[in-house]
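Below you'll find the structure, written out as structure tokens, and then a few comments.
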Amino acid sequence: MTLVEKLLAKASGNSYVQPGEVVFAQVDLALSHDAVAGPVAKIFYQEYGEGAKLWDSQKVVLVADHFIQVNDIRADHKAHVMYDQMIQFAKVQGCHLFDMVSPGEAAGICHVLLPEKGFVRPGMLIAGTDSHTCTYGALGAFSTGVGTTDMANIYATGDMWIRVPPTLVFELSGTLSPKISAKDIILFILGKIGCAGATSKVIEFRGSILAQLPFDERLTLANMAVECGAICGLIVPDEVTREYVKNRSSEEFVEISGDADAEYERVYQFDLSDLEAQVARPPKPDQVVAISQLEDIPITKAFIGSCTGGKLYDLAQAAEVLHGRQLADGVNLFIVPATIEIREQAQELGYLDIFEQAGAQILKTGCGACINSGLGVLAKEETGIYATNRNFKGRSGDPTGKNYLASPRTVAISAVNGKISDRFDGTGDGRNAIV
């Protein structure tokens, strides 16, 4: 069996499963956030009774992160209603709750926060009411997004039905340039297979490139697997995974890997030694070109944050190129640490000082502009470059705005140059000798 087949066999109590088979699998962790938790609770009580209780309150995590900043840019009283519904449900049910740490500031964005807090371990099955739940596959867990009705059922029974997916393997080899990040890799893959290239399938990332990627970068690969249509992006656990998890959790975990003779739908092989910085044109994440093929595109807005681009490694990449430089006239750069812990680490490492000296605005933690719900959104007819995961029309601001996707490094350099670029005008590649 493949890795995902073994994970689903374990979760469903079967000795063997195969693609296309429908199984009922036991859920190890269920996630929801303020944008969806209230509607899930409503269905849960409607279908199972006003006195219904969670199947296991210690396996449910609720996070306030999605719409908690929306009133910074427009009046939306329903955001408060949804937030209040989630808080009330958490209090009644006694589940894990990561509330705001101050008005409009999240403890963290759920997809980065849950691994950080030790909730995610190899071998688990995780369901969340958010498509980017696939992020946790970076730790060798099967994790996928589900709808409100499915989650209401999980709340009551602790299990979910799932059709065992086929697997696409991406063998990534070569020596990665220090200027290239996981965001460039996943954008490159998106450009090759498109937004529907892995629909209802699992992507398994492999190859020598993975050993060159720090843990944060693996999260980026898994996070954007859903942009290819995949239900999960998986990475087999290794020493990097073990070290991260053991530093975050004292719980035991089971590492699972696929059999040597497992059958895969397709194996892609890419040598990434010569990979350039990649940019996705609007209005889709798969409209990808190498940056050398992109015409001059002036920008007025840049954004480094979200579950994809706000991790500590992402901020380190931005700090490295912003050190000692200033933003171009007329460009606003917004930076959002993905969790409070990351913000504190970035402060200790001097990154936040670098950002402020460059002229960037450091915003409160939360999803914010990534989902058109906080500062940093595109205004009418505005062009921006974002280290987020999606650039659909209206996703991050006015529908007339144009959102280009790139790595945090490319976004930072572009903010200094005033146009989309991966090197500083007249100064070589613009890298600075800071860690």
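In the working numbering, the protein residues as written are 7 to 441.
Each residue gets a CB set at the ideal place from its N, CA and C atoms; glycine is no exception.
Nothing here was measured: the structure is a model prediction, and the numbers come from that model.
- Taking C-alpha positions only, residue 152 is separated from residue 330 by approximately 45 Å.
- Apart from the 5 residues on each side of it in sequence, residue 82 sits with its Cβ closer than 6 Å to the Cβ of 76 in its chain, given in chain order.
- Check the Cα spacing between residue 391 and each of 423, 365 and 114: the tightest is with 423.
- Secondary structure within the region 112-187: the alpha helix (DSSP H) runs of 4 or more consecutive residues, fully enclosed, are 116-122 and 154-163 (chain order).
- For the region 337-414, the full-length beta strand (DSSP E) segments reaching 3 residues or more read 338-341, 389-392 and 408-411 along the chain.
- DSSP places residue 274 within a strand segment (E or B) once states are collapsed to three.
- Below 8 Å, enough C-beta pairs join the region 230-237 and the region 192-201 to call them touching: three or more.
- Per DSSP, residue 212 is one residue of the beta strand (DSSP E) stretching across 208-212.
- Under the three-state reduction of DSSP output, residue 93 falls in the helix class.
- The distance from the Cβ of residue 169 to that of residue 257 is about 29 Å, inconsistent with a contact at the 8 Å cut-off.
- Just measuring C-alpha positions, the residue of 368, 174, 407 and 248 sitting nearest residue 383 is 407.
- Across the structure, residue 401 and residue 178 are spaced so that their CA atoms are roughly 30 Å apart.
- In its chain, beyond the 5 residues on either side, 39, 112, 115, 116, 372 and 373 have a beta carbon closer than 6 Å to the beta carbon of residue 71.
- Contact between the region 279-288 and the region 410-423 is established, with three or more Cβ pairs separated by less than 8 Å.
- Your pair residue 308 and residue 337 checks out as a contact, with CB atoms roughly 6 Å apart and the cut at 8 Å.
- Nearest neighbour of residue 217 by Cα position, chosen from 208, 121 and 246, turns out to be 246.
- By the Cβ criterion, the region 249-268 is not in contact with the region 157-169, since fewer than three pairs of Cβ atoms, one from each stretch, lie closer than 8 Å.
- Taking 8 Å as the upper bound for CB-CB distance, residue 175 and residue 250 are not in contact here, some 23 Å apart.
- Counting the other Cβ atoms within 10 Å of the Cβ of residue 22 gives fewer than 16, which makes it exposed.
- The continuous alpha helix (DSSP H) containing residue 327 extends over residues 318-328.
- For residue 284, the enclosing beta strand (DSSP E) stretches over residues 284-286.
- Between residue 137 and residue 99, the gap from beta carbon to beta carbon reaches 8 Å or more.
- Distance between residue 221 and residue 54, taken at the CA atoms: about 40 Å.
- Annotation for residue 239: no alpha helix (DSSP H) segment contains it, though the beta strand (DSSP E) segment containing it runs 238-241.
- Inside the region 33-87, DSSP marks whole beta strand (DSSP E) runs of 3 or more residues at positions 35-39 and 66-69, from first to last along the chain.
- Of 350, 143, 379 and 412, the smallest CA-CA separation from residue 292 is found for 412.
- Looking at the DSSP output, residue 29 bridges to 168.
- The secondary-structure analysis by DSSP pairs residue 304 across a beta bridge with 425.
- Residue 171 sits close to residue 206, with the two beta carbons spaced by under 8 Å.
- Around the beta carbon of residue 97, fewer than 16 other beta carbons sit within 10 angstroms, so the residue counts as exposed.
- Residue 89 has its alpha-carbon roughly 34 Å from the corresponding atom of residue 287.
- In the structure shown, residue 10 falls within a helical segment according to DSSP collapsed to helix, strand and coil.
- Burial is judged here by how many other beta carbons sit within 10 angstroms of a residue's own beta carbon; residue 299 has fewer than 16 and is exposed.
- In this structure, residue 188 and residue 227 form a Cβ contact; the two beta carbons are roughly 5 Å apart against a cut-off of 8 Å.
- By the Cβ neighbour-count rule, residue 108 is exposed, with fewer than 16 other Cβ atoms within 10 Å of its own.
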